[in-house]
Amino acid sequence: MSTVTASAHREHRVTVRSLAQRKSRGEPFTMLTAYDFSFARIFDAAGIDLLLVGDSVGNVVQGVETTLPVTLDELIYHTRMVVRGARRSLVVADMPFGSYQVGPEDAVRSAIRFVKEAGAQAVKLEGGSLVAESIERIVRAQVPVMGHVGLTPQSVNAMGGYRVQGRGDEGRAQVIEDARAVQEAGAFAVVLEGIPADLGREITAELQIPTIGIGAGPACDGQVLVMHDMLGLGDSPPSFVKQYAQLGELASDAAKAFAEEVVNRKFPDAMHSYR
Ligand code: KIV
């Protein structure tokens, strides 16, 4: 079997249409979170298909416990930076807690701000049947929407913690119903987070829109990871995460080497000084 490189798909800008084609051809695709220009540029050039400006910015950049305090203004600020670094990747902005829960009108207003003020090409919001009307209204305003069902971190208090969803007959039926509701409402894709792998497979087989898994098994049409988790930049990540690099260790070693050279007057040397 030949190995397909991510760069094989690198030529054209990714669109909601091209993702639908990828699903129908059975070609997996990739999404990573990004929160700034530098990493957006690196991931874009590496052939990552979608960049999600996640509200996980709260956990991995701001250092807060949950995603709940992240504001719409903060995510618009980060989305603007990511958009500047993305030439080919499709940029999806995450609607933070409080920016769509009041009702559909509020949801449309927030989504439009992401497009107008930050240049996002799509928005993502958490929930199934409960937010279906909001998804419908945003789509009617011509803003593509990505759904997010299963473990939805903005519901941490209602769920009583971060728990795998979709276990047992009732839990399973709920996640399936939510995924169907998101598709029915007009979303172009749906994130499946924290569900058993066989449920991820079942939903992916049933839905016409692409599924993007995070802790949802290998059968999803695409996979997403939080960049800090997969680059080894944070504390110990959840068990479904694979770390592809240990940037935290590299950064620590570099900082120690810099400090050692400064205190021993080795840096700056002549080569790193102006004449
Ligand atoms: O905010 C985020 O990073 C997300 C991913 C976990 C999908 O929503």
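Using the working numbering, read the sequence shown as starting at 6 and increasing by one per residue. Ideal Cβ placement from N, Cα and C applies to all residues, glycine included. If you're wondering where the values come from, they're calculated on a predicted model, not measured in any experiment.
Any non-hydrogen atom of the ligand KIV within 7 Å of residue i CB
| i | result |
| --- | --- |
| E198 | yes |
| S61 | yes |
| D234 | no |
| H83 | no |
| T38 | yes |
| I315 | Residue 315 lies beyond the stretch modelled for the chain, which goes from 6 to 280, so this question has no answer here. |
| H277 | no |
| H153 | yes |
| L55 | no |
| V161 | no |
| V195 | no |
| V231 | yes |
Whole-angstrom C-beta distance between residue j and residue i, which should lie under 8 Å
| i | j | result |
| --- | --- | --- |
| M100 | K121 | With 8 Å as the limit, M100 and K121 do not qualify as a contact, their Cβ atoms being about 14 Å apart. |
| M86 | F42 | 5 Å |
| H194 | L24 | The question names His, yet the displayed sequence has Ala at residue 194. About 6 Å separates the two Cβ atoms, so the contact holds. |
| D226 | K28 | 5 Å |
| A178 | S139 | Between S139 and A178 the Cβ distance is about 22 Å, and since that is not below 8 Å, they are no contact. |
First through last residue of the beta strand (DSSP E) which encompasses residue i
| i | result |
| --- | --- |
| A163 | Premise fails: A163 lies in the alpha helix (DSSP H), 161-164, not in any beta strand (DSSP E). |
| A98 | 95-99 |
| M36 | 34-38 |
| I217 | 216-219 |
| A194 | 194-198 |
| K129 | 127-129 |
| G152 | 150-155 |
Beta-carbon proximity check, residue i vs residue j, cutoff 8 Å
| i | j | result |
| --- | --- | --- |
| V97 | M151 | yes |
| I81 | A137 | no |
| S134 | D183 | yes |
| V58 | T84 | yes |
| G171 | L204 | yes |
| T71 | P149 | no |
| V19 | S94 | yes |
| D49 | R92 | yes |
| L230 | G199 | no |
| L236 | A250 | yes |
| S104 | L77 | yes |
| V187 | V154 | yes |
| G239 | Q228 | no |
| L37 | M232 | yes |
| A127 | A146 | no |
Whole-angstrom distance between residue j and residue i, CA atom to CA atom
| i | j | result |
| --- | --- | --- |
| G191 | T8 | 34 Å |
| Y40 | V62 | 7 Å |
| K271 | D258 | 17 Å |
| V180 | V196 | 11 Å |
| G220 | A45 | 23 Å |
| Q106 | P223 | 31 Å |
| D274 | G253 | 27 Å |
| R206 | L55 | 21 Å |
| Q67 | S160 | 19 Å |
| Q248 | E131 | 25 Å |
| G166 | E32 | 34 Å |
| E141 | R114 | 13 Å |
| I208 | R185 | 9 Å |
| V267 | R280 | 20 Å |
| V169 | S241 | 18 Å |
| A202 | F245 | 11 Å |
| V75 | R30 | 37 Å |
beta-carbon residue i near the ligand ATP non-hydrogen atom, thresh 7 Å
| i | result |
| --- | --- |
| D99 | You won't find the ligand ATP in this model; what it holds is the ligand KIV. |
Residue interval of the alpha helix (DSSP H) (run including residue i)
| i | result |
| --- | --- |
| L252 | 252-268 |
| H83 | 77-90 |
| H233 | 232-235 |
| G205 | 202-211 |
| V65 | First-last for V65: undefined, no H or E at that position. |
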